[in-house]
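Undergrad: Numbering (my numbering), first residue to last: 22 to 183. The C-beta atom is built at its ideal place from N, Cα and C for all residues, glycine as well. This one's a predicted model, so the numbers in the text were calculated from it and none came from an experiment.
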């Protein structure tokens with residue numbers, strides 16, 4: 022029988038995270054290497070839900086608190102082969118996402134966000150699966166010309182556009 026659940030990502034308000042799916046225990050080390058190879062000095066924690074064998078939450082990272090945060094959230098989601106990466110203050114998904122996507126074992130990225138996030142999970146007799154992500158809140162309107170100017174100025178101010 023199929024049951025649907027939502028799992029609220031438990032994290033500090035400004036902490037960024039990445040949620041994805043991979044297919045092999047080697048992913049924990051490969052994602053770790055991709056992160057430290059892309060952004061020297063990066064602070065992060067990763068947790069991966071093993072789907073067979075010992076079925077443990079595998080973990081790695083450079084920051085003990087972020088590793089614990091990743092383990093707690095991965096356990097709550099409980100979907101086989103999902104992984105979650107929590108980034109330290111001042112580190113952002115935009116700087117590491119392509120490196121994670123390039124890891125051969127990574128199948129997909131569900132989201133990368135600092136927003137309040139809920140994960141929609143299906144549970145069957147066999148296990149759990151991520152069906153989707155509720156990332157933040159619905160829009161309240163369409164940007165006007167002033168909003169466009171603000172967005173473009175912001176991206177240049179923070180160095181993401183020239």
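Within the same chain, show all residues whose beta-carbon is closer than 8 Å to that of residue 113, passing over the 5 residues directly before and after it, in chain order.
TA: Answer for residue 113: 37, listed in chain order.
Undergrad: Among 33, 128, 54, which one has its Cα closest to the Cα of residue 86?
TA: Per the Cα distances, 33.
Undergrad: Residues in the same chain with beta-carbon distance under 6 Å from residue 149, minus the five sequence neighbours each way, listed in chain order, please.
TA: If we look at residue 149 and ignore the five residues flanking it on each side, its Cβ neighbours are 99, 100, 142.
Undergrad: Would you mind reading off the limits of the alpha helix (DSSP H) that contains residue 49?
TA: Where residue 49 is concerned, the enclosing alpha helix (DSSP H) stretches over 48-59.
Undergrad: Would you tell me roughly how many angstroms separate the C-alpha atoms of residue 84 and residue 117, rounded to the nearest one?
TA: Rounded to the nearest angstrom, the two C-alpha atoms are 17 Å apart.
Undergrad: Suppose you measure from the CA of residue 50 to the CA of residue 165; what does that come to, to the nearest Å?
TA: So the two alpha carbons sit approximately 45 Å from each other.
Undergrad: Rounded to the nearest angstrom, what separates residue 182 and residue 169 at their Cα positions?
TA: Cα-Cα distance, rounded: 14 Å.
Undergrad: State the Cα-Cα distance for the pair residue 123 and residue 162, rounded to the nearest angstrom.
TA: If I take the Cα positions, the gap works out to 35 Å.
Undergrad: Let me check one thing: in DSSP terms, what residues is residue 81 bridge-paired to?
TA: Residue 81 is bridged to 67.
Undergrad: To the nearest angstrom, report how far apart residue 25 and residue 95 are at their CA atoms.
TA: Distance between the alpha carbons of residue 25 and residue 95 is about 17 Å.
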